[in-house]
Amino acid sequence: MKTGLVLEGGGMRGLYTIGVLDAMMEYDIWTDYVIGVSAGACNGASYVSRQQYRNYRIDEQYLKDKRYISIQNFIKTRSLFGMDFIFSEIPNQLDVFDQQAFLDNPVEFVVGVTDMETGKPVYFGKQESCEDECMVIRASSSIPMFSPPVAFHGRKYLDGGTSDPIPFKKALLDGCEKLVIVRTRDRTYTKSPEGGRAVYSRSFRSTPGMIDCIDRRHEVYNQQVRCCARMEQAGQAMILAPEKPITISRFENDIRKLDVLYREGWQAVETQLDELRSFIGK
Numbered sequence: 001m002k003t004g005l006v007l008e009g010g011g012m013r014g015l016y017t018i019g020v021l022d023a024m025m026e027y028d029i030w031t032d033y034v035i036g037v038s039a040g041a042c043n044g045a046s047y048v049s050r051q052q053y054r055n056y057r058i059d060e061q062y063l064k065d066k067r068y069i070s071i072q073n074f075i076k077t078r079s080l081f082g083m084d085f086i087f088s089e090i091p092n093q094l095d096v097f098d099q100q101a102f103l104d105n106p107v108e109f110v111v112g113v114t115d116m117e118t119g120k121p122v123y124f125g126k127q128e129s130c131e132d133e134c135m136v137i138r139a140s141s142s143i144p145m146f147s148p149p150v151a152f153h154g155r156k157y158l159d160g161g162t163s164d165p166i167p168f169k170k171a172l173l174d175g176c177e178k179l180v181i182v183r184t185r186d187r188t189y190t191k192s193p194e195g196g197r198a199v200y201s202r203s204f205r206s207t208p209g210m211i212d213c214i215d216r217r218h219e220v221y222n223q224q225v226r227c228c229a230r231m232e233q234a235g236q237a238m239i240l241a242p243e244k245p246i247t248i249s250r251f252e253n254d255i256r257k258l259d260v261l262y263r264e265g266w267q268a269v270e271t272q273l274d275e276l277r278s279f280i281g282k
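The letter at position 61 of the sequence shown is residue 61 when you use UniProt numbering, and the numbering goes up by one with no holes.
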């Protein structure tokens, strides 16, 4: 039975996901398929390459580095996150991403992005996600208004979590029969309509599909949460989510707060270890 791992985005809230994935690697728990958007895609890549602690190590070491996240980055490149630093210098020089191990691993890997022209989700596989210094993962992590779009194969893309925040439907379409879904919000969280409509509608006035996507984001998200809960009740999904509402933002840079979130993710696996192993069946 094909089991998929679905990874929500959320910027620095993804430290919860990193804790979950590091614990899964610690206890030798692997799925057949991984799909992620935004930070979920970044974290999922290190799970597929089997580089335990890599993403946690990067956040701990570079979070206070202005090249990683800063207003200076935004002034220079229109992105709060230093995209060249994160997706080129770190994986190629400072904390090398094992691309060969990533490609050799038979686990399927899918990244979701948002087509800027249509506002619809688009998905790329493992091979494409490695092209041009992981340009697809970079695109999936490019938050509207906080990062410029990323060009890839003749199209422009933005954050995959904008159009498909919890990409379980794609996992089901790709043949997964059971899903482990890692959330970066607690189970009671309900997403509100996006603020600043006047600003983003002006910024994306030439791409109305993107405006519509942002307008409907909260509706899509809340509907996906309800669908995930129904799948869990039916025994088709197992959800790992923070126990309490997360108060940190996607741009949080307090490593102490992020460390607490990381450890909560790790503990979520440990406390449900037998259930998780039984669910995956491996």
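Glycine included, C-beta positions come from ideal geometry on N, C-alpha and C.
Under the rule that 16 or more other beta-carbon atoms within 10 Å means buried, what is residue i, buried or exposed?
i, result
"Asn-55", "buried"
"Glu-108", "buried"
"Thr-162", "buried"
"Ile-246", "buried"
"Ala-39", "buried"
State the beta-bridge partners of residue i as determined by DSSP.
i, result
"Met-238", "Val-180"
"Thr-3", "Lys-178"
"Val-111", "Gly-36 and Phe-124"
"Tyr-62", "The partner list for Tyr-62 (beta bridge, DSSP) is empty, contrary to what the question assumes."
"Ala-151", "Lys-156"
"Phe-81", "Ile-69"
Are the CB atoms of residue j and residue i within a distance shorter than 8 Å?
i, j, result
"Gly-4", "Asp-22", "no"
"Val-6", "Ile-166", "yes"
"Ile-90", "Ile-69", "no"
"Ala-139", "Tyr-123", "no"
"Ile-280", "Val-182", "no"
"Ser-49", "Phe-97", "yes"
"Met-1", "Glu-133", "no"
"His-218", "Ser-192", "yes"
"Asn-222", "Thr-184", "no"
"Ile-29", "Arg-263", "no"
"Phe-168", "Met-12", "no"
So residue i and residue j are in contact, right, with Cβ under 8 Å, and what is the actual spacing, rounded?
i, j, result
"Ala-241", "Asp-164", "So it is not a contact: roughly 18 Å between Cβ atoms."
"Val-110", "Val-269", "At roughly 22 Å, the Cβ-Cβ gap does not stay under 8 Å, so Val-110 and Val-269 are not in contact."
"Tyr-16", "Gly-265", "4 Å"
"Tyr-47", "Val-34", "6 Å"
What does a CB cutoff of less than 8 Å around residue i pick up in its chain, not counting 5 residues either side in sequence?
i, result
"Asp-212", "Gly-119"
In its own chain, which residues sit with a C-beta less than 6 Å from the C-beta of residue i, not counting the 5 before and 5 after it?
i, result
"Val-113", "Val-122, Ala-139, Ser-140, Tyr-157 and Gly-160"
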